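In UniProt numbering, the protein residues as written are 1 to 126.
Virtual Cβ for every residue (Gly too), placed ideally from N, Cα, C.
Remember, it's a predicted structure, so these values are computed and weren't measured experimentally.
Worksheet for the structure shown next.
Structure follows, in structure tokens:
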């Protein structure tokens with residue numbers, strides 16, 4: 001993260017230099033940047049870097065505007081998918097209700113709330 005283009009360029013050059021020390025090569029053409037200000041393209045070492053409006057890091061979609069409605073919806077859909085995977089168990093008459101609840105809690109709830117501590121809260125719903 002950088003406050004200015006100069007700071008970003010300095011950080012990228014440091015990463016490139018330190019990577020080369022251990023035998024790695026930073027491919028600037030594959031490197032993408034996300035900025036809160038409108039930057040269409042950016043160059044470093046005469047190589048153009050692509051700017052993006054959002055990207056996925058560690059399983060989370062991060063956007064330039066910080067909106068996380070799409071992330072919340074995605075987790076709700078993943079929770080529905082987890083419930084669908086348990087459908088045959090949940091419909092079974094041979095399994096008791098307490099057992100079904102004991103299955104849903106560890107198999108569905110974590111999928112839905114994973115990463116919720118980083119979601120921004122707004123007055124308007126998604």
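Cβ-based burial, residue i [other Cβ within 10 Å; buried from 16]
i: residue 70; result: exposed
i: residue 57; result: exposed
i: residue 49; result: buried
i: residue 68; result: buried
i: residue 24; result: exposed
CB contact flag (residue i, residue j, <8 Å)
i: residue 60; j: residue 32; result: no
i: residue 64; j: residue 36; result: yes
i: residue 129; j: residue 89; result: It is not possible to answer for residue 129, since the shown part of the chain is limited to 1 through 126.
i: residue 28; j: residue 47; result: yes
Through-space distance from residue j to residue i, alpha-carbon basis
i: residue 26; j: residue 34; result: 18 Å
i: residue 79; j: residue 45; result: 45 Å
i: residue 95; j: residue 106; result: 17 Å
i: residue 98; j: residue 114; result: 24 Å
i: residue 7; j: residue 87; result: 52 Å
i: residue 14; j: residue 120; result: 32 Å
i: residue 93; j: residue 100; result: 11 Å
i: residue 17; j: residue 52; result: 24 Å
i: residue 118; j: residue 62; result: 11 Å
Under the three-state DSSP convention, the category residue i falls into
i: residue 95; result: coil
i: residue 50; result: strand
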